[in-house]
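These protein sequence lines are chains A and B, in that order. Just so we're aligned, residue 12 is where the first sequence starts under our numbering, counting upward by one. Just so we're aligned, residue 12 is where the second sequence starts under our numbering, counting upward by one. For glycine and all other residues, C-beta sits at the position ideal for the given N, C-alpha and C. The structure presented is a predicted model; accordingly, all values stated were derived computationally and were not measured. To start, the structure under review is shown below, and the notes come after it.
2 protein chains.
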Amino acid sequence: MLRTHTCGELSLLDVNKKVTLCGWLQRSRDLGGMTFIDLRDRYGITQLVFNMDSLPHLCEAARKLGREFVLEVEGTVAERSNKNAKIATGDIEIIVTSFTVLNAAVLPPFTIEDQTDGGDDIRMKYRYLDIRRAPVRDALLLRAKVAAATRTYLNQQQFVEVETPVLIKSTPEGARDFVVPSRMNQGEFYALPQSPQTFKQLLMVAGMDKYYQIVKCFRDEDLRADRQPEFTQIDCEMSFVSQEDILETFEGMIRHLFQEVKGIDIGTLPRMTYADAMKYYGNDKPDIRFDMRIAEFGDLVHGKNFKVFDDAELVVAICAKGCSEYTRKQLDELTDWVKRPQLGMSGLVYARYGKDGSIKSSVDKFYGPEELSRWMQACQAEPGDLVLILAGNEHKTRKAMSELRLEMGERLGYRNKDEFKCLWVLDFPLLEWSEETSRWHAMHHPFTSPKPDDFANLATDPGSVRANAYDMVINGVEVGGGSIRIHNKEIQQQMFQLLGFSPEDAQAQFGFLMNAFEFGAPPHGGIAFGFDRLCSLFGGADSIRDYIAFPKNNAGRDVMIDSPSAISIEQRKELGLL
Amino acid sequence: MLRTHTCGELSLLDVNKKVTLCGWLQRSRDLGGMTFIDLRDRYGITQLVFNMDSLPHLCEAARKLGREFVLEVEGTVAERSNKNAKIATGDIEIIVTSFTVLNAAVLPPFTIEDQTDGGDDIRMKYRYLDIRRAPVRDALLLRAKVAAATRTYLNQQQFVEVETPVLIKSTPEGARDFVVPSRMNQGEFYALPQSPQTFKQLLMVAGMDKYYQIVKCFRDEDLRADRQPEFTQIDCEMSFVSQEDILETFEGMIRHLFQEVKGIDIGTLPRMTYADAMKYYGNDKPDIRFDMRIAEFGDLVHGKNFKVFDDAELVVAICAKGCSEYTRKQLDELTDWVKRPQLGMSGLVYARYGKDGSIKSSVDKFYGPEELSRWMQACQAEPGDLVLILAGNEHKTRKAMSELRLEMGERLGYRNKDEFKCLWVLDFPLLEWSEETSRWHAMHHPFTSPKPDDFANLATDPGSVRANAYDMVINGVEVGGGSIRIHNKEIQQQMFQLLGFSPEDAQAQFGFLMNAFEFGAPPHGGIAFGFDRLCSLFGGADSIRDYIAFPKNNAGRDVMIDSPSAISIEQRKELGLL
């Protein structure tokens, strides 16, 4: 190596050692008699000292070096008079005796500091400079650490890492596929996998018993904020298991990851049914860092001539602790917030539970003190609290209340990024009805098995059938999901039929899997974790983008390499695309 | 888990334990009073016993079970009277008390045994059954082990695993790209990476210092035997290194892999220049499990009126130890072998060094005993050896002699799959001239740096310039290759110019990399290993196919899922392909 040490490892133990360091010039300070340079590499920052008295030419030369120059520096480790406790090497500095400029640098388009003046677009274009900044670099190092800890755990549990193919077959179920035209079979296409689902099931049929892979998946979707066309999954599957085995195994994995990566013991994961999650939190990925459960007011409010509540399919309330003194302005602002088109509520009803025990609501005309008191009870409100009530169409109101709950949690500081609350959500419905396509869709995917107890209802009342499906939720984010799979050809056929496949289509697209089930498929199930999201959660970030080395923007473009781009006429001709 | 133990772990220590096993029926034997079933899972095989006397109904039921049925079996561990030392569980058997058929199986299309009656095509179509066979299963387990050992070593050496994108940009240099039409940017395409080369270099510019990835790469080539359109690389890059640092680091890696995976200490790797490899072995990936170096006869044979040698650009010989007694028939057969169109030699000259010290050649008319004796010396032949000589066009003859050497090594049993001889080949030429395109091509790739000593010749005599490039060769197979890269924009531009790029083309395709070099690129270099090949080598196999879970056939098809395939008109319209 051109260096003897990195910029992150020297300490008082090394004083008087002759060392060679390599790195980038982070900043320099010229104090007349002395020049100081902070030299940076992946491992840290070390202070270099050039002395005008002893080596004037060297010091002069050092003063000409610009930001981000790449240097190889020789010198002697010395104790600092002015120690810097903030950095690992803060007790020492290097008295430089010679240096070489390994490469010069033009002025970067943004400042390479923790806080940068670069906007998103410019940072993406010069991603290789953005990664030099500690927050982005640390995000990528964290990601590598999470991957390594994941593999350690799964290897210990006798999972086998198996690579599944990237060039597979297009299957219209699910999101849109990216396709790859075949030159050797013109007019035909490969597809990039949205997940290795069918392959991992085939690996179970193949007897691999326990499979995992940290694997790239692809979805050609219109990108919302924080979706990427290519993303990474921790993909796992096990044979001869019940749902309980999967929950235990992967609860163990997430516990291991928190311990290894964050040094946190998250304990045992609570479990909640889908039905309870919807009822108490308004969605299937509850943020349980705070309680603030949703109360259903139904019978409590009907029949008192308040038309808004009487006409509503659903009336729900939450209790905001200690908010009874919210000003009129604050309440108006919250009302506007729920009326935004994204939520579309017609208004917000509130009731203040004064510290003196009095209750005052915005609908005092219709409800007397006794009724309001019952409301307080239903919400477990205490003096000093504020109760917020929404009413309307069931689906919309539940969703809006879920959002309002999260918003209040945010405002009240309940959603601390350094606190982690994980849980399992269980017993998802097998199917959901789509008004758009007028047919049943698989809530998880078509390979998910119905609960044996509910199996009899599959033909008569499909909507009531629960699945052996489970999600892992952390801080209100679904980080993983999976199911016990169907391993019987007839049941799989029945499922495709329910989903509107003709027998021919089912056979053409998934025949290879159904045929495989005939040759002795074991009971099996699995789970997949969104790896990018999991890493950003560990890092305490809202966006996954900085946890991906070279992400694409919201238009699916890599602005650094300028891709996608035109290809040559010859290439198109060879592929039969012209 | 449905089981208490796997089929590979019970021993005499477990006798009298009540256990539950799950697995596949490998075979059953009905001995009248008793029925034996071998139950198989990933971990091994355990013998089950059903007793007609004690549990006649159970035994009757067991007799009806077919091959590959999936069973859950309860019973008691007992010591076997007839122990089987060949399997880990051979000391015990399970006295079955009850069982459940978890899934039935139809008759497999080929026998699921180590030796199978299935041809390649049928095995590929039912790959999930083929993987149940121990040789294929073990190949995949070996692969996982090699991957894990690779990561352990590189993590210990502070390499960071970074995922680079799969949807990148098409660059015509190198092999043909697979492309992915962009729906959101119609008429534009992503390309799948042939390697993450430019991204790993950008990661060095980004200061990541040491990068690795075990990563899928893609080449749309006409597939020869044992090439796959998607393949896996161990891809690595380091900053602030000399070539020596890379050689040491990755010599360490391969030593670690052999130790961990094969339990072999391969010692220190010898090093050979490209020039010596070509001279003594006729190719740049010498198999040094055996010596048999090629001798150049040039001056030894010219001017004796033997036209074939006089007209030849190159006359080369090898010595086959102990083969002086080869029959006429054997020699004729070897002559035919070198005359095959693949080699295209016009004939084979030989000289037998009899055990009695006499030398007889097929060209005794032209060369006397003294000359023949000098030949023997040049080849280091001893009494009892056979010298084989080829002559003709330099390139063709060198290649043919290389092949003949390998063939003789094979015939003489020198190429033992359980012996491993690794070496570094160094000092490759930077460029090679292509008659086809009438221009220089990069021998490694356009990012490889010339040796500083040869740099001055780049403009005047490009063919003489050596590169800071290196290959790792094991048993005659190139398993890895890399180089110290160019990290200076001007030199990179000069290289593209040499390779026939216009400045505009160079900027359009690789501008992002050259621009990055302006912002302080460190000296850097790296290497990539062919992971599929490395695994097959560890497994002692000639083909990589069984080391890939779901390989494609020579036409680039996945015959199991039937891909590539047609996509719907709607899909094509959405992509602007109709």
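Practice task
Give me the Cβ distance between Ala116 of chain B and Gly531 of chain A, rounded to the nearest whole Å; I'm assuming they're in contact under 8 Å.
Solution key: 3 Å
Problem - Leu203 of chain A and Phe229 of chain A closer than 8 Å at C-beta - result: yes
Handout entry: 8 Å Cβ cutoff, Asn352 of chain A in contact with chain B
Key = The amino acid at residue 352 of chain A is misidentified as Asn; the sequence shows Pro. No, no contact with chain B.
Problem - Met135 of chain A to Gly34 of chain B span [Cα, whole Å] - result: Roughly 51 Å separates the two Cα atoms.
Problem - Cβ neighbours of Gln169 of chain B in the same chain (closer than 7 Å, five flanking residues each side left out) - result: Lys221
Practice task
Please decide whether Val252 of chain A counts as near chain B, where near means a Cβ-Cβ distance under 8 Å.
Solution key: yes
Practice task
Compute the distance between the beta-carbons of Ile142 of chain B and Met219 of chain A, then report whether it is under 8 Å.
Solution key: yes
Practice task
State the start and end residues of the unbroken alpha helix (DSSP H) segment that holds Ile502 of chain B.
Solution key: 500-509
Problem - Own chain residues within Cβ distance below 8 Å of Glu324 of chain B, not counting five before or after - result: Gly403, Asn404, Glu405, Thr408
Handout entry: Three-state secondary structure (DSSP) of Leu8 of chain B
Key = One cannot answer for residue 8 of chain B here, as it falls past the ends of chain B, which runs 12 to 589.
Exercise for the section: Ignore the nearest five residues each way along the sequence and tell me which others in Asp367 of chain B's own chain have a CB closer than 8 Å to its CB. Expected result: Pro394
Exercise for the section: Please confirm if the region 540-547 of chain A is in contact with the region 230-250 of chain A, defined as three or more CB-CB distances below 8 Å between the two stretches. Expected result: yes
Practice task
Flag this pair as yes or no: are the beta carbons of Tyr425 of chain A and Arg300 of chain A separated by less than 8 Å?
Solution key: yes
Practice task
Using a Cβ cut-off of 8 Å (strictly closer), state whether Gln582 of chain B contacts chain D.
Solution key: Chain labels in this structure do not include chain D; the protein chains are A and B.
Exercise for the section: Put Gln162 of chain A into one of helix, strand or coil per three-state DSSP. Expected result: Here residue 162 of chain A turns out to be Arg, not Gln, going by the sequence shown. Arg162 of chain A falls in the helix class under three-state DSSP.
Problem - Burial state of His16 of chain B, where buried means 16 or more other Cβ atoms lie within 10 Å - result: It counts as buried.
Exercise for the section: Please confirm whether Phe155 of chain B and Val171 of chain A have their CB atoms less than 8 Å apart. Expected result: Reading the sequence as shown, one finds Ala at residue 155 of chain B and not Phe. Their beta carbons are under 8 Å apart, which means Ala155 of chain B touches Val171 of chain A by this criterion.
Handout entry: Whether Gln244 of chain B touches Ser206 of chain B by CB criterion (8 Å)
Key = Yes, the Cβ-Cβ distance between Gln244 of chain B and Ser206 of chain B is below 8 Å.
Handout entry: Cβ-Cβ distance between Ser181 of chain B and Ile103 of chain B below 8 Å
Key = No. Outside cutoff.
Problem - Secondary structure, beta strand (DSSP E): runs of 3+ residues fully inside the region 304-344 of chain A - result: 325-331
Exercise for the section: Indicate whether at least one CB of chain B lies closer than 8 Å to the CB of Asn479 of chain A. Expected result: Under the Cβ criterion of 8 Å, Asn479 of chain A is not counted among the residues facing chain B.
Handout entry: C-beta neighbour in chain A for Arg422 of chain B, strict 8 Å
Key = No - not a single Cβ of chain A is within 8 Å of the one on Arg422 of chain B.
Exercise for the section: List in chain order: all unbroken alpha helix (DSSP H) runs of 4+ residues lying wholly within the region 499-575 of chain B. Expected result: Runs of the alpha helix (DSSP H) lying entirely within the region 499-575 of chain B and spanning at least 4 residues, in chain order: 500-509, 514-528, 542-549.
Exercise for the section: With Thr408 of chain B as the anchor, note down where its alpha helix (DSSP H) starts and where it stops. Expected result: Looking at the DSSP string, the run of the alpha helix (DSSP H) that includes Thr408 of chain B is 405-422.
Handout entry: Residues bridged to Asn114 of chain B (per DSSP)
Key = In the DSSP output, where bridge partners are listed per residue, Asn114 of chain B has B:Val81.
Handout entry: For Ser475 of chain A, three-class secondary structure by DSSP
Key = helix
Problem - Minimum Cβ-Cβ distance from Asn564 of chain B to chain A less than 8 Å - result: no
Exercise for the section: Compare the C-beta of Arg74 of chain B against all C-beta atoms of chain A and say whether one is closer than 8 Å. Expected result: By this cut-off, Arg74 of chain B is not an interface position.
Practice task
Tell me whether His9 of chain A sits in a helix, a strand or coil according to DSSP, three-state version.
Solution key: The shown model of chain A, from 12 to 589, leaves out residue 9 of chain A, and the question about it has no answer.
Problem - Limits of the unbroken alpha helix (DSSP H) element including Pro380 of chain B - result: 380-389
Practice task
Could you pull the start and end residues of the alpha helix (DSSP H) that Arg138 of chain B belongs to?
Solution key: From DSSP, the alpha helix (DSSP H) with Arg138 of chain B extends over 138-141.
Problem - Beta-carbon neighbours of His498 of chain A, restricted to chain B and to distances below 7 Å - result: Those are Asn114, listed as they occur along chain B.
Exercise for the section: Check whether the region 497-508 of chain B touches the region 451-465 of chain B, counting contact only when three or more Cβ pairs, one atom from each stretch, lie closer than 8 Å. Expected result: yes
Problem - Residues near Lys28 of chain B in its chain [Cβ-Cβ closer than 6 Å; skip 5 each side] - result: Val88
Practice task
Consider the C-beta atom of Thr260 of chain B and the heavy atoms of the ligand ZN; say whether any pair is separated by less than 7 Å.
Solution key: The ligand content of the structure shown is nil, which means the ligand ZN is not present either.
Problem - C-alpha distance - Lys563 of chain A paired with Asp569 of chain A, whole-angstrom precision - result: Whole-angstrom Cα-Cα distance: 5 Å.
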